[in-house]
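One structure is given below, encoded as structure tokens.
Protein chains in written order, with my numbering: chain A, 84 to 478; chain B, -1 to 135.
What follows is the structure in structure tokens.
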């Protein structure tokens, strides 16, 4: 193999190995948002959509490839903002069809015309996966930046571009697979992902607006939020009835995001060197094991989150799913002991203590909400959503 | 079918990958590298680098039992290359860690670098070398 061939292989494997942790973890939200745009039912059309989407993405990698300076971080930030606004618009449009949305001071007919025009324009862009992919490839990304700087070391523009194509090709399997899978989930009209579609697109749009070059990990915190909501959906079902139908998606989402988070941390912080866990400071070792326990406790519930399992497991199904309660406790301890903004950061500033206590209190509140007596004490018993045999999340 | 696809994906991502990690390990010593701020160094700005050293079981190694040097290399490294810069290692108090090896580094331009910490010990530890790759903007 020529030296050049070997470089291509390394670029490809960097993309391939990193894509499962970094790409799925950091751009999983964007993949989901794009996947929700694709409502066509057949797997072939989904492959085409995500194929073109990702081709656009790696095309922009190659174009930028050897000319790092040309697309500076200011431009990338701007493109992230444009993409975020686009996703926001598409999500809003789905959530608020014309007629429900009115702005003051603008004549209703003119409003409708603008609404339709903007809607059509956004849909037109949404139908162009190649264009979306080009935008996507230009969004700030710490992992990508590392690969592009490595490509720069190749010397000339052409070599750099080819190296970036190899890197991009390495990321294709994970990204296309996750995109098609999410698309399938999202187009299943019976699935909760389909019904949540617009709201999720809005949320992803907001997240995209805040992208920067730093490598960060929101999957862990989002997992906690999903778990908390899944556990409080039922007791809050009289006050927030729209939450309960999504309980299943929230629970499964919490598990999936926890797994993604774990893979990202294993990759980024440990480099897959599991032995290194034994060298962590004791507080971090505790945090690590609490995290492992949290995922383990969520696993039985997550893999039995479908109707067939609910029917065949009988009352054991409920016990398995109640494991989510200790899972929340373990997750809270994991964050507080491992998180760099919390006690795990070992700063003697007051802020980490405040954040840690706040998180523990929030999680305790979430669990206490499930207990009818607590509502009684506050005289709010009529608002308590008690469990019913019918279940709230049948699809 | 999808289940197998995902299992395969997760299994293959368990292969060792050769890019930046925070923790490096050699000869019974692990070092957790930190670059402030937020592992996102900028060129031509003094950047604080510190390495929290622990042995198995998470016991911290104090700096006063070590003699350390920190060097900066360009990436990719070639055999026999000389360090771009060398820095004296001084005790740093970072977060709630105290007395840990650190240095104030100034990277000359954007690109990829490797930080290398070499230490010899006056206690019963063998000499060790830990590295950390970083991308500077």
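All residues carry an ideal CB built from backbone N, CA and C; glycine is no exception. In this text, all values refer to a predicted model and were calculated from it rather than measured experimentally.
- prompt: For residue 167/A, does the three-state DSSP call read helix, strand or coil?
  reply: helix
query: Taking Cβ to Cβ, would you say residue 226/A is nearer than 8 angstroms to residue 144/A?
result: no
- prompt: Going straight from the alpha carbon of residue 407/A to that of residue 450/A, what length do you get?
  reply: 10 angstroms
- prompt: Do the CB positions of residue 313/A and residue 288/A come within less than 8 angstroms of each other?
  reply: no
task: Classify residue 97/A as buried or exposed, calling it buried when 16 or more other Cβ atoms lie within 10 Å of its own Cβ.
output: buried
- request: Kindly list the residues whose CB is nearer than 6 angstroms to the CB of residue 477/A, restricted to its own chain and excluding five residues on each side of it in sequence; keep chain order.
  value: At residue 477/A the pLDDT is 42, less than 50, meaning the model places this residue with poor confidence and gives no usable figure here.
message: Please state whether the Cβ-Cβ distance between residue 301/A and residue 220/A is less than 8 angstroms.
response: no
query: Which chain B residues are close to residue 361/A, counting only those with a beta carbon under 9 angstroms from its beta carbon?
result: 28, 54, 55 and 56
- request: Anything in the stretch 225 to 236 of chain A with a Cβ closer than 7 angstroms to a Cβ of chain B? List those residues in chain order, please.
  value: 228, 229, 232, 233 and 236
Of the residues 199/A, 169/A and 245/A, the one placed nearest residue 88/A, counting alpha carbons only: 245/A
task: Along the beta strand (DSSP E) that carries residue 53/B, what are the first and last residues, could you check?
output: 44 to 53
query: Given residue 152/A, which residues of its chain have a CB within under 7 angstroms of its CB, disregarding the five upstream and five downstream residues?
result: Bear in mind that a pLDDT of 44 at residue 152/A, under 50, signals an unreliable position, so the model cannot answer this.
query: Can you tell which of 114/A, 268/A, 196/A and 126/A has the C-alpha that lies nearest to the C-alpha of residue 216/A?
result: 114/A
task: My understanding is that residue 176/B touches residue 110/B, with C-beta atoms under 8 angstroms, so please give their C-beta distance in whole angstroms.
output: Chain B is shown from -1 up to 135; residue 176/B falls before or after that span and cannot be answered.
- prompt: Any beta-carbon of chain A closer than 8 angstroms to the one on residue 59/B?
  reply: no
- prompt: So, is the C-beta of residue 20/B closer than 8 angstroms to a C-beta in chain A?
  reply: yes
query: Quick one: any contact between the stretch 344 to 359 of chain A and the stretch 380 to 394 of chain A, if contact means 3 or more CB pairs under 8 angstroms?
result: no
query: Would you say residue 364/A faces chain B, with C-beta separation under 8 angstroms as the test?
result: yes
query: Do residue 248/A and residue 119/A have their C-beta atoms closer together than 8 angstroms?
result: no
- request: Starting from the C-beta of residue 103/A, find all residues in its chain whose C-beta is less than 7 angstroms away, skip the five residues before and the five after it, and write them out in chain order.
  value: 257 and 346
- request: Closer than 9 angstroms, Cβ to Cβ, to anything on chain B: give me those residues from the stretch 341 to 355 of chain A, in chain order.
  value: 342, 346, 349, 350, 351, 352, 353, 354 and 355
message: Under DSSP, the alpha helix (DSSP H) around residue 350/A begins and ends at which residues?
response: 330 to 351
Identity of the residues DSSP links to residue 110/B by a beta bridge: 133/B
message: Strictly under 8 angstroms for the Cβ-Cβ distance: is residue 23/B near chain A by that measure?
response: yes
- request: Can you check the stretch 371 to 445 of chain A for any alpha helix (DSSP H) of at least 4 residues that lies completely inside it and give the ranges in chain order?
  value: 390 to 396, 398 to 405 and 407 to 421
task: Taking all protein chains shown into account, decide if residue 9/B is buried (16 or more other Cβ within 10 angstroms of its Cβ) or exposed.
output: Caution is warranted here: a pLDDT of 36 is assigned to residue 9/B, below 50, making its placement in the model unreliable, and the coordinate value is therefore given only provisionally. That one is exposed.
message: Taking 6 angstroms as the limit between beta carbons, can you name the residues of its chain near residue 125/B, skipping five residues before and five after?
response: 118
- request: Starting from residue 110/B, find everything on chain A with Cβ-Cβ shorter than 8 angstroms and list it in chain order.
  value: 229, 232, 233 and 236
query: Since residue 263/A contacts residue 133/A with CB under 8 angstroms, what's their CB separation in whole angstroms?
result: 5 angstroms
query: Can you tell me the Cα-Cα spacing of residue 85/B and residue 425/A, whole angstroms?
result: 31 angstroms
field: Proximity test, Cβ basis, 8 angstroms: residue 242/A and chain B
entry: no
- request: With distances taken Cα to Cα, identify the nearest neighbour of residue 115/B among 42/B, 81/B and 57/B.
  value: 81/B
- request: Determine contact between the stretch 49 to 60 of chain B and the stretch 22 to 29 of chain B, defined as no fewer than three beta-carbon pairs at a distance below 8 angstroms.
  value: yes
field: With 16 other Cβ atoms within 10 Å as the buried cut-off, status of residue 469/A
entry: exposed
- request: Please check if any C-beta of chain A sits within less than 8 angstroms of the C-beta of residue 133/B.
  value: yes
message: Can you tell me where the alpha helix (DSSP H) holding residue 110/A begins and where it ends?
response: 107 to 120
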